[in-house]
Amino acid sequence: MRENKARARRSWGLYATMAGLYAFLAVFLIWPIFYVFHQSVWINGRFDLSFFRLMLLDESLRQSIGNSFKIAVLVTFFTTLISLPFAVALARLRFRGKSLLQGLLLVPLIMPPFVGAIGLRTILSRSGSLNTLMVDVLKIWSQPMDWFEYGLVGVVLLEILHLYPIMLLNLTAAIANIDPAMEEAASNLGAGRWRRFWSVTFPLMRPGYFAGSVIVFIWAFTDLGTPLMFDYRRVVPVQIFDRVKDVNTNPMGYAIVVFVVILTAVIFGLSRWVMGGRHEGMMSRGHTSSAERAARGW
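Numbering of the sequence shown is given in the working numbering, commencing with residue 3 and proceeding in unit increments.
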């Protein structure tokens with residue numbers, strides 16, 4: 003009897019918790035998405051897709067979409083270049099100061115973006131330390147360079163600085179979960195370092211890399227704060243921000259939001275579809291020996 007009552011209380015507690023979670027998602031996720039979709043297609047009391055057509059015909063919006071894609075691709079590419087060597091070192095090597103290096107590499111993840119913006123402006127502005135060094139001290143340049151003349155450079159650099167830890171965490175976890183016996187088998191068969199990486203290591207770490215790439219790409223594409231800090235307004239998030247501020251009279255902002263939501267959903271779905279049919283070998287370790295080796299000179 004007591005067991006039945008205890009089981010009933012647990013069941014009611016579970017139902018109440020699930021109901022609360024569903025209510026939270028309905029209020030703060032489903033309803034806002036529904037509201038945005040409704041506002042973008044229901045104009046003056048009738049169904050109307052004209053704002054989507056106008057969005058595609060607007061030259062400034064097309065340019066903003068292209069700029070956002072350019073930023074997202076550049077940020078994803080350079081975060082990969084930065085993160086991959088560090089991920090291999092952290093997952094495969096033992097050396098002094100490894101924990102300190104790992105902690106320092108993750109600092110941008112918790113650092114407010116405006117701190118990085120201030121630092122970049124201090125270094126790369128027309129009167130910054132880099133121009134002072136090159137023009138006044140080393141006499142390499144005849145005149146200072148304005149790195150932020152178009153704003154794109156500053157946006158890309160700051161987003162790389164802010165987002166590479168996400169890629170680093172995904173790559174480090176993916177490499178650490180690879181069974182080292184598979185790499186050892188490739189070495190025993192005569193595969194060199196680079197062939198072993200591209201033929202064995204990279205295919206096995208590809209799910210983790212795709213996960214990190216999708217997060218970084220979507221984040222860079224939809225980031226609002228960084229372009230605003232560099233006054234670079236020709237990107238999709240700023241165009242949405244400028245239009246949605248006047249929510250009662252301009253449905254164009256909602257149409258752009260719907261476009262971005264659909265685009266990110268398509269990118270996420272494609273990444274899942276691409277990786278869904280791939281099952282490359284073993285991801286779990288087949289033994290308890292460590293895959294780490296001592297770094298030379300350390």
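Glycine is no exception: its CB is placed at the ideal position from the N, C-alpha and C atoms.
Would Val155 and Gln145 be called neighbours here (beta carbons separated by less than 9 Å)?
If you number the sequence shown from 1, residue 155 lands on position 153. If you number the sequence shown from 1, residue 145 lands on position 143. No, the pair does not count as a contact, with Cβ atoms beyond the cut-off.
Using only alpha-carbon positions, find the residue among Pro253, Phe223, Asn46 that is nearest to Ile73.
Within the sequence shown, residue 73 is the residue found at index 71, counting from 1. Residue Phe223 is the option with its Cα nearest to Ile73.
So the alpha helix (DSSP H) Phe219 belongs to, where does it begin and stop?
Against the sequence shown, residue 219 aligns to sequence position 217. Per DSSP, the continuous alpha helix (DSSP H) segment holding Phe219 begins and ends at 204-224.
Tell me which residues share the same chain as Val240 and place their Cβ nearer than 8 Å to its Cβ, disregarding the 5 neighbours each side in the sequence.
Taking the sequence shown and counting its residues from 1, the one referred to as residue 240 is at position 238. Excluding its 5 nearest sequence neighbours in each direction, Val240 has C-beta neighbours in its own chain below 8 Å: Ser66, Leu226, Pro229, Leu230, Tyr234, listed in chain order.
How many Å lie between Ser189 and Tyr37 at the Cα?
Walking along the sequence shown from the start, residue 189 turns up at place 187. Walking along the sequence shown from the start, residue 37 turns up at place 35. Note on geometry: alpha-carbon atoms of Ser189 and Tyr37 lie some 57 Å from one another.
For Ser286, which three-state DSSP category applies?
Position 284 of the sequence shown, counted from the first residue, corresponds to residue 286. Because the pLDDT of Ser286 is 48, which lies under 50, any placement of that residue in the model is unreliable, and the question is left without a value.
With distances taken from CA atoms, which of Ile125, Leu163, Phe88, Ala93 is nearest Trp221?
Along the sequence shown, one-based indexing puts residue 221 at 219. If you compare the alpha carbons of Ile125, Leu163, Phe88, Ala93 with that of Trp221, the shortest gap goes to Leu163.
Ile45 bridges to which residues according to DSSP?
Numbered from its first residue, the sequence shown carries residue 45 at position 43. Looking at the DSSP assignment, Ile45 forms a beta bridge with Arg48.
Can you look up Leu23 in the DSSP assignment and give me helix, strand or coil?
Walking along the sequence shown from the start, residue 23 turns up at place 21. Note: Leu23 maps to helix in three-state DSSP.
Enclosing alpha helix (DSSP H) for Asp233 [first to last residue]:
As a position in the sequence shown, residue 233 is number 231, starting the count at 1. The continuous stretches of alpha helix (DSSP H) do not include Asp233, and DSSP gives it neither H nor E.
Quick check on Val29: buried or exposed, where buried means 16 or more other Cβ atoms within 10 Å of its Cβ?
Here residue 29 refers to the residue found at position 27 of the sequence shown. Looking at its Cβ environment, which holds fewer than 16 other Cβ atoms inside 10 Å, Val29 is exposed.
With 16 other CB atoms within 10 Å as the buried threshold, where does Gly210 fall?
Along the sequence shown, read from residue 1 onward, the residue named residue 210 stands at position 208. By the 10 Å Cβ count, Gly210 comes out buried.
Smallest Cα separation from Leu56: which of Arg96, Pro253, Asn179, Phe150?
Here residue 56 refers to the residue found at position 54 of the sequence shown. Ranking Arg96, Pro253, Asn179, Phe150 by Cα distance to Leu56 puts Pro253 first.
Limits of the alpha helix (DSSP H) - the one that Ile67 falls within:
Position 65 of the sequence shown, counted from the start, is the residue given in the question as residue 67. Counting along the chain, the alpha helix (DSSP H) containing Ile67 begins and ends at 61-94.
Any alpha helix (DSSP H) of 4 or more consecutive residues that is wholly inside the stretch 123-169
Whole alpha helix (DSSP H) segments, 4+ residues: zero.
Sequence-distant residues of its chain with Cβ nearer than 6 Å to Thr266 (five each side left out):
In the sequence shown, residue 266 corresponds to position 264, counting from 1. Counting only Cβ-Cβ distances below 6 Å, and skipping sequence neighbours, we find Ile220.
Can you find the residues in the same chain that come closer than 7 Å, C-beta to C-beta, to Gly15, ignoring five residues on each side of it along the sequence?
The count along the sequence shown starts at 1 and reaches residue 15 at position 13. Once the five neighbours on either side are set aside, Gly15 has no close Cβ partner at all.
Which of helix, strand or coil DSSP assigns to Leu16:
In the sequence shown, the residue the question calls residue 16 occupies position 14. If DSSP states are grouped into helix, strand and coil, Leu16 belongs with the helices.
Please classify Pro253: does DSSP put it in a helix, a strand, or coil?
Within the sequence shown, numbered from 1, the residue matching residue 253 stands at position 251. Reduced to three states, the DSSP call for Pro253 is coil.
Return helix, strand or coil for Lys100, following the three-state DSSP convention.
Taking the first residue of the sequence shown as position 1, residue 100 is located at position 98. In this structure, Lys100 counts as helix in the three-state DSSP scheme.
Does DSSP put Leu31 in a helix, in a strand, or in coil?
Locating residue 31 in the sequence shown gives position 29, counting from the first residue. Residue state, collapsed to three classes: helix.
Less than 9 Å between the C-beta atoms of Ala193 and Ser273, yes or no?
As a position in the sequence shown, residue 193 is number 191, starting the count at 1. As a position in the sequence shown, residue 273 is number 271, starting the count at 1. The answer is no: Cβ separation not under 9 Å.
Run the CB neighbour count on Met173, radius 10 Å, all protein chains shown included, and call it buried at 16 or more, exposed below.
Taking the sequence shown and counting its residues from 1, one reaches residue 173 at position 171. The sequence shown places Leu at residue 173, rather than the Met named in the question. Buried: at least 16 other Cβ atoms inside 10 Å.
Output the distance between the C-alpha atoms of Ala175 and Glu185, rounded to the nearest integer angstrom.
Taking the first residue of the sequence shown as 1, we reach residue 175 at position 173. Taking the first residue of the sequence shown as 1, we reach residue 185 at position 183. Going from the Cα of Ala175 to the Cα of Glu185 covers about 16 Å.
8 Å Cβ shell around Ile309 - same chain, five flanking residues per side excluded
This structure does not reach residue 309, given that the chain is present from 3 up to 300, and the question cannot be answered.
Compute the distance between the beta-carbons of Leu92 and Leu103, then report whether it is under 9 Å.
Sequence index remark: in the sequence shown, residue 92 carries index 90 (1-based). Sequence index remark: in the sequence shown, residue 103 carries index 101 (1-based). It is a contact, given that the beta carbons lie within the stated cut-off.
Can you grab the Cα-Cα spacing for the pair Leu51 / Trp275, in whole Å?
In the sequence shown, the residue the question calls residue 51 occupies position 49. In the sequence shown, the residue the question calls residue 275 occupies position 273. Between Leu51 and Trp275, the C-alpha separation is close to 29 Å.
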